[in-house]
Amino acid sequence: MEAILDKYKSTSLEDVKVWFKAASVSDFPNDGGACIKYKDKQIAVFNYTRKNKWYACQNVCPHKMEMVLSRGMIGDDKGTPKVACPLHKKTFSLENGENLNGDIPPIATYPVKIEGDNVFIGFAE
Ligand code: FES
Numbered sequence: 014m015e016a017i018l019d020k021y022k023s024t025s026l027e028d029v030k031v032w033f034k035a036a037s038v039s040d041f042p043n044d045g046g047a048c049i050k051y052k053d054k055q056i057a058v059f060n061y062t063r064k065n066k067w068y069a070c071q072n073v074c075p076h077k078m079e080m081v082l083s084r085g086m087i088g089d090d091k092g093t094p095k096v097a098c099p100l101h102k103k104t105f106s107l108e109n110g111e112n113l114n115g116d117i118p119p120i121a122t123y124p125v126k127i128e129g130d131n132v133f134i135g136f137a138e
């Protein structure tokens, strides 16, 4: 099961080598997420309209390895933007991937930039 997680590594802005054009801004629901594919990765992308921010993370939930995080609810935990897995409500920081209500492994997060009408996700490779 860990093999699934091995391909997801948190990427900081400084590490970005590829800006992948994911989709148009209008392809993402306000205050919600959608899943995109990059190489063999599924990436959940969130349009956090209320905060006027965008976030990206692995789509796989490390609790039961289900590809579901893009369908999770987004919200706020003491100022930290978070996503709640739709299956068992484990929550993760969208900033650093930390599991906020348990001790399961963090999720990988990725930088997002908007240029014109397009959403780009940053990857290290
Ligand atoms: S599979 Fe995500 S919380 Fe259980």
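In terms of our numbering, the numbers along the sequence shown are unbroken and rise by one, the last being 138.
Note that beta-carbon positions come from the ideal geometry of N, C-alpha and C, so glycine has one too.
Quick caveat, the model's predicted, so the values are computed rather than measured.
Contact annotation: the segment 114-133 touches the segment 72-91, with at least three C-beta pairs closer than 8 Å.
About 6 Å separates the beta carbons of Ser37 and Asn131, which is inside the 8 Å limit, making them a contact pair. If only uninterrupted beta strand (DSSP E) runs of at least 3 residues are considered, those enclosed by the segment 71-136 are 86-90, 93-97, 104-106, 125-128 and 131-136. Looking at Asp44, Ala137, Ser83 and Tyr51, the one whose alpha-carbon comes closest to that of Arg63 is Asp44. Put simply, the segment 57-71 touches the segment 93-111. At least three CB pairs are less than 8 Å apart. Sixteen is the threshold: when 16 or more other Cβ atoms of the shown chains lie within 10 Å of the Cβ of Gly46, as they do, the residue is buried. Rounded to whole angstroms, the Cβ separation of Tyr61 and Pro94 is 6 Å, and the two are in contact under 8 Å. Within the model, the alpha-carbon separation for Leu113 versus Glu79 is close to 18 Å. When DSSP states are grouped into helix, strand and coil, Val58 belongs to the strand group.
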